[in-house]
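Number of protein chains: 2
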Amino acid sequence: MFIPTISDMFEAHQRIEPHIHRTPVLTSAYINSLVGAQLYFKCENFQKAGAFKARGASNAVFGLSDEQARKGVATHSSGNHGTCLSYAAGRRGIPCTVVMPRTAPQAKKDAVRGYGGTVVECEPSTTSREAVFAEVVAQSGAEFVHPYNDARVIAGQATCSRELLEQVDDLDAIIAPIGGGGMVSGTCLTVSNLAPRVKVYAAEPEQADDAYRSLKAGHIIADDAPDTVADGLKVPLKDLTWHFVKSNVADILTASEVEIVDAMKLIWKRMKIVMEPSSAVPLATILKNRDLFAGQRIGVVITGGNVDLDKLPWQ
Amino acid sequence: MFIPTISDMFEAHQRIEPHIHRTPVLTSAYINSLVGAQLYFKCENFQKAGAFKARGASNAVFGLSDEQARKGVATHSSGNHGTCLSYAAGRRGIPCTVVMPRTAPQAKKDAVRGYGGTVVECEPSTTSREAVFAEVVAQSGAEFVHPYNDARVIAGQATCSRELLEQVDDLDAIIAPIGGGGMVSGTCLTVSNLAPRVKVYAAEPEQADDAYRSLKAGHIIADDAPDTVADGLKVPLKDLTWHFVKSNVADILTASEVEIVDAMKLIWKRMKIVMEPSSAVPLATILKNRDLFAGQRIGVVITGGNVDLDKLPWQ
Chain A
782 MFIPTISDMF EAHQRIEPHI HRTPVLTSAY INSLVGAQLY FKCENFQKAG AFKARGASNA
842 VFGLSDEQAR KGVATHSSGN HGTCLSYAAG RRGIPCTVVM PRTAPQAKKD AVRGYGGTVV
902 ECEPSTTSRE AVFAEVVAQS GAEFVHPYND ARVIAGQATC SRELLEQVDD LDAIIAPIGG
962 GGMVSGTCLT VSNLAPRVKV YAAEPEQADD AYRSLKAGHI IADDAPDTVA DGLKVPLKDL
1022 TWHFVKSNVA DILTASEVEI VDAMKLIWKR MKIVMEPSSA VPLATILKNR DLFAGQRIGV
1082 VITGGNVDLD KLPWQ
Chain B
782 MFIPTISDMF EAHQRIEPHI HRTPVLTSAY INSLVGAQLY FKCENFQKAG AFKARGASNA
842 VFGLSDEQAR KGVATHSSGN HGTCLSYAAG RRGIPCTVVM PRTAPQAKKD AVRGYGGTVV
902 ECEPSTTSRE AVFAEVVAQS GAEFVHPYND ARVIAGQATC SRELLEQVDD LDAIIAPIGG
962 GGMVSGTCLT VSNLAPRVKV YAAEPEQADD AYRSLKAGHI IADDAPDTVA DGLKVPLKDL
1022 TWHFVKSNVA DILTASEVEI VDAMKLIWKR MKIVMEPSSA VPLATILKNR DLFAGQRIGV
1082 VITGGNVDLD KLPWQ
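Which chain is which? The protein sequence lines are A and B, in order. Per the numbering used here, the very first residue in the first sequence carries number 782; after that it's consecutive. Per the numbering used here, the very first residue in the second sequence carries number 782; after that it's consecutive.
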């Protein structure tokens, strides 16, 4: 297991800066008054390809040797990582293959193709996905870039909180949603080195609370097919992200489906930004844990904005 | 008729700066590639109270003498002006009354009340509105702040394009939606004085194209109850806004309902911002007039973000 260091984060930031946005930090006087704290929303929904995953994917792609790069990159993901890997590969002009269940939303397939990547479909089962993916890698020699359990990816995601620490003084805490733990691990990496006084919280749907239960149990618990509106957060921790979570996360807070959708709608209505259900989980947990955050200055990571506008969760 | 000057704009800006946001300018590489021009979106959807009208309303409210201020302000508006006047009055701590048809959306009434204003309902007819409004003013002595045909309001709206000219170098044109013409008049005021080389275009729904027909005819044409998804743009020009439109607007371009909704959805999807149908009319007209704008640098005013999330126009 190769654990990324703070030097890897600095190198990643220098490497990816031409390919990503330094996203803005937004605030809402109304939401602050509701919460009784100062919230600083780091808006990765405005990131290239619509999600923070452009950071980790760009770091992996632009860190490849020319020889490896020629063979391309590959991943399995029906979410933002596939789109963002295709974006990064397109910027470097190399092939990218994304293995996706044939049942994945058409919009997700179109997004990968829109940036020049190739979609290879598998059956909607782990067995099929692994078999198809192995074949893709065997034929192409492509470099596998895991959505989160990859030191290059974590070092890339870690650049987000570096920017946030530069953009907002004297934060007391940073809170980010947790699925596989890539963003949270990156946040832990940066904060534990550059601002160890700042606490890192993770926010998770009650209906996919495997990270919460893992932290309480002291070992990784992986659920079988959890279901939640926060569809970016269904995947389990892996060894590398578990390393950061167990060492550096102050606590994991959970929210119900209704609380997540209400928080999402509140952000859309008051902050006028389009963001994913997953990105609303932190605010949902802050709203139900007001005492924990009262009077503090909290960084909140809005992880992405790729949502199906024809199927909004409050309708 | 008191026509505001560029000095009025500078005074307005100084007066309102503590009460408004200097809103960001966003760009989209994808939309630029679609259009074949560089578009700079001035995001007044992020403005206080969710619309550029916070500028004009704040200028009117904070320009009042203490004596007049004590009696408060009043207007008739079922749109953003009512909300924004209530916002500005709340900041000064003075009364604000908004006359609104009893049939107006509950959300609009709630928004006025949310900032501390009073809603007085009338029947949904011009006769009733004028009678009820006259009574409100007679009883309270409140200062009438017209939604757009008011020099103080136009000078306030004019501060938006001053910021835009500071934020983006070498613009070739600025385009804004036109209803009553407050934003367009303010833009003309600023641009004709500070950057006369920059052309000002107005964008209007085909189904409420009274300004377009006025410009062609050379006199004000007011339609009776036009219907369009761009519900902020149904009102007609008045003498003061007509003065600016006829003198300074390069052209008025129109778009169909479908084109407006498509442009709105494109902005939501690609730029991840929540904005009103009215704010999508400029992009809709640019998309159908690509030759006119090819290769140019265009400022596009996103006028507001107060939309009913439960009734989106593509559903």
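Even for Gly, the Cβ is constructed at its ideal location relative to N, Cα and C.
- Interface annotation, Met782 of chain A: not in contact with chain B, CB-CB separation never under 8 Å.
- DSSP lists B:Val880 as the bridge partner or partners of His857 of chain B.
- Partner residues in the beta bridge of Arg1078 of chain A, as assigned by DSSP, are A:Gln819.
- When rounded, the separation of the alpha-carbon atoms in Glu825 of chain B and Ala998 of chain B is 31 Å.
- Shown here, Tyr982 of chain A sits in a strand according to DSSP, grouped into three states.
- In chain order, Arg803 place their CB closer than 6 Å to the CB of Glu944 of chain A, counting only its own chain and leaving out the 5 sequence neighbours on each side.
- Below the 7 Å Cβ cutoff, chain A contributes Pro805 as neighbours of Pro805 of chain B, in chain order.
- Taking 8 Å as the CB threshold, Met964 of chain B stays off the interface with chain A.
- Neighbours of Val1055 of chain A across chain B, judged by C-beta separation under 7 Å: Trp1049, Lys1053, Ile1054 and Val1055.
- Close to chain A, meaning a Cβ-Cβ distance shorter than 7 Å, are the following residues of the region 819 to 832 of chain B: Asn826, Phe827 and Gly831.
- Between Gly844 of chain B and Cys877 of chain B, the CB-CB gap reaches or exceeds 8 Å.
- In terms of Cβ geometry, His800 of chain B and Lys834 of chain B do not form a close pair [threshold 8 Å].
- Using a 10 angstroms sphere on the CB of Gln819 of chain A, the tally of other CB atoms reaches 16 or more, which defines it as buried.
- Of the residues assessed, Gly1076 of chain B falls on the exposed side of the cut-off, its CB having fewer than 16 other CB atoms within 10 angstroms.
- In the three-state reduction of the DSSP assignment, Glu902 of chain A falls in the strand class, which pools E and B.
- For Ala1044 of chain A, the closest alpha carbon among the candidates A:Ser1059, A:Val893 and A:Ala1031 is that of A:Ser1059.
- With the rule of 3 Cβ pairs closer than 8 Å, the region 991 to 1005 of chain A counts as touching the region 1014 to 1022 of chain A.
- Contact annotation for Leu975 of chain B against chain A: no contact, minimum CB-CB distance about 26 Å [criterion: below 7 Å].
- A contact between stretches requires three or more CB pairs, one per stretch, nearer than 8 Å, and the region 1060 to 1076 of chain A meets this requirement with the region 1028 to 1037 of chain A.
- The count of Cβ pairs closer than 8 Å, one atom from the region 956 to 971 of chain B and one from the region 1078 to 1085 of chain B, reaches three, so the stretches are in contact.
- The Cβ atoms of Ile959 of chain A and Ile1067 of chain A do not sit closer than 8 Å to each other.
- Residue pairing for Leu1014 of chain B: DSSP places it in no beta bridge.
- Look at Ile787 of chain A here: in three-state DSSP terms it is helix.
- What Leu945 of chain B touches in chain A, judged by beta-carbon distance under 9 Å, is nothing: the nearest beta carbon there is about 17 Å away.
- With the rule of 3 Cβ pairs closer than 8 Å, the region 1085 to 1093 of chain B counts as touching the region 1045 to 1065 of chain B.
- The three-state reading of DSSP puts Leu1034 of chain B in strand, counting E and B together.
- At a cut-off of 8 Å between beta carbons, Lys834 of chain A makes no contact with chain B.
- Contact of Lys889 of chain A with chain B by beta-carbon distance below 9 Å is absent, the smallest such distance being about 14 Å.
- What Leu1090 of chain B touches in chain A, judged by beta-carbon distance under 8 Å, is Lys1046, Trp1049, Lys1050, Leu1093 and Trp1095, going in chain order.
- Look at Gly1086 of chain B: its C-beta is under 8 Å from a C-beta on chain A.
- In the DSSP assignment, Pro958 of chain A falls within the unbroken beta strand (DSSP E) covering Ala954 to Pro958.
- In this structure, the beta-carbon distance from Leu866 of chain B to Ala838 of chain B falls below 8 Å.
- According to the DSSP assignment, Lys1027 of chain B belongs to the alpha helix (DSSP H) that extends over Asp1020 to Asn1029.
- The Cβ atoms of Thr864 of chain B and Val926 of chain B do not sit closer than 8 Å to each other.
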